[in-house]
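What follows is a short report on a single structure.
In the numbering used here, the protein residues as written are 77 to 698.
Given below as structure tokens:
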């Protein structure tokens, strides 16, 4: 009995140990899962951080064709750009950290967790199987023991009954024999039960010994090794976690060194020289101011020197600001400013009118002025919108020279590129001629002709820009030449200029302070001149002008956007749509514009190339 109780106690203790081990190993698996989740969240943080850093770097990158891209010539801006590039590489290293954490830790731990769970399940399954087997053997032993005990008791009762029957004289021999046989049978059954119990006991002892000294220790040993491998794997993962950061430190250090080097490359003096070089106008310094005698008997000669400060700065202050209205000379200006009443500008406008001797009538004069104002306002609008003429004449001489030189360099690069492509095609044609099976030589000829035309066109462009460059370089003063006195602005105009555009160019090339005021001077010259000639308004009053007769018709072959109230562009023109029929009231005089009428009140100029003109027979003969 004591032995049975001890066995039961050991079984209960063994079961408790299995429960404890199961809980401990499960907590170990949960710890690995928690650590894996930690590394995964760290990886996500690194990815998001790298993404935000890259977005920051991209946000502050200079935009193409913007002012920021032009400022990259300064060392401070280039240093900032290098810092942004290094910052982008720095963000890339954080992406590397995230990738290595994912590939070297997260993926490996997830795979290991799957294997760990399967191994743990297998070990506990073996343990439960061994425990069930020993419990089954114990039950069989207990059953044989109870059967042996029962058979022994039955044999004792049968023996006592036989002895009583044998001692009783009143019992027959047959009953005594029957009792004897029954007692013998019970003794035989007890002997068999004893033998069976002995066998089960021997077997159970062997299995119990194997269970406690072989099977269970082996299972516990496997569980211990599994747990040690799990702990070791966590340690390796933690070490890898640190090594992943350590691997990118050299590159991160190089990125930081690059930022430091970029900061050290900033040169304030170089940047200031760049500013001077960028905005250097090339104008000569102003000459001496002439003495004007106001004594008795001396008539005051009102001359304005283009080299005087009063002309370049004082009058510039008196010029009105850029008007948002239309530059149309046929509308009366009711609000005339007294500051605009300047004799030189009036004389300039008179010269402008006198420079067109072909205008023999009022209508021709109005047409010429209208077309000049269209061209002038288009030029001013190009200046406002940031574009300019092809020869960069709207820029100061020094800046114009730089732009022309850059344009020539670009054209030469294009020529070299076309020539290289032409040489390659020529070689390909030679190969085709030697080996006709590779291709048709004639198929290359159109492309060669096209390239030759392109090269010829580019070379003509280079010659054109080189001519402008030579003109500018001829006008620029040499650094070794002493400063010379410039001639008066209006003396130069009286001898050389014949149009408003030439006057504007003279103002631009002779401005002593280096500032560019062509836009303001162009508008002011026309407006002031009109304001100072009241008889001009009276003669050009629209109500007094007779209606022009129709000399033919025309059909618009293209759409043209003329003067509109919203834009104010192309003053004096009229908008037409493709296919629209109009009346021709004045044909093209060689300036590329035709005057048309849509109805009795709406008329204006359209480009001659945009319409198909059908003149009447008498108009053609005349």
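No residue lacks a Cβ here, since even glycine has one placed at the ideal position from N, Cα and C.
Residue i - partner residues in DSSP beta bridges
i, result
"residue 680", "672"
"residue 630", "658, 689"
"residue 636", "652"
Classification of residue i by the beta-carbon crowding that lies within 10 angstroms, buried from 16 upward
i, result
"residue 166", "buried"
"residue 487", "buried"
"residue 136", "exposed"
"residue 546", "exposed"
"residue 514", "exposed"
"residue 274", "exposed"
"residue 212", "exposed"
"residue 362", "buried"
"residue 325", "exposed"
"residue 344", "exposed"
"residue 500", "exposed"
"residue 100", "exposed"
"residue 529", "exposed"
"residue 475", "buried"
"residue 176", "buried"
"residue 400", "Residue placement at residue 400 is flagged as unreliable, the pLDDT there being 39, under the threshold of 50; a coordinate-derived value is accordingly withheld."
"residue 648", "buried"
"residue 329", "exposed"
"residue 240", "exposed"
"residue 311", "exposed"
"residue 182", "buried"
"residue 107", "exposed"
"residue 425", "Confidence at residue 425 is low in this model, with a pLDDT of 48, below 50, so the placement of that residue is unreliable and no value is reported for it."
"residue 534", "buried"
"residue 201", "exposed"
"residue 280", "buried"
"residue 469", "buried"
"residue 477", "buried"
"residue 360", "buried"
"residue 722", "Within the shown structure, residues of the chain are numbered from 77 to 698, placing residue 722 beyond reach of any answer."
Reduced DSSP category for residue i - H, G, I as helix; E, B as strand; rest coil
i, result
"residue 688", "strand"
"residue 101", "helix"
"residue 166", "helix"
"residue 623", "coil"
"residue 337", "helix"
"residue 469", "coil"
"residue 289", "helix"
"residue 522", "helix"
"residue 172", "helix"
"residue 667", "coil"
"residue 356", "coil"
"residue 515", "coil"
"residue 488", "helix"
"residue 129", "helix"
"residue 136", "coil"
"residue 344", "helix"
"residue 107", "helix"
"residue 96", "helix"
"residue 363", "coil"
"residue 303", "helix"
"residue 530", "helix"
"residue 273", "helix"
"residue 714", "Nothing about residue 714 can be reported from this structure: the residues present for the chain run from 77 to 698 only."
"residue 370", "coil"
"residue 294", "helix"
"residue 281", "helix"
"residue 141", "coil"
Supposed close pair residue i, residue j - CB separation, criterion 8 Å
i, j, result
"residue 105", "residue 193", "6 Å"
"residue 636", "residue 652", "5 Å"
"residue 549", "residue 633", "About 44 Å separates the two Cβ atoms, so there is no contact after all."
"residue 342", "residue 152", "5 Å"
"residue 527", "residue 497", "6 Å"
"residue 227", "residue 261", "Actually they are not in contact, since the Cβ atoms of residue 227 and residue 261 sit about 10 Å apart, beyond 8 Å."
"residue 210", "residue 272", "Not a contact, Cβ separation roughly 19 Å."
"residue 628", "residue 473", "Rounded, the Cβ-Cβ distance is 47 Å, inconsistent with contact."
"residue 216", "residue 276", "6 Å"
| query | For the stretch 177-265, which segments carrying the alpha helix (DSSP H) assignment without a break, of at least 4 residues, lie completely within its bounds, in sequence order? | reply | 183-243
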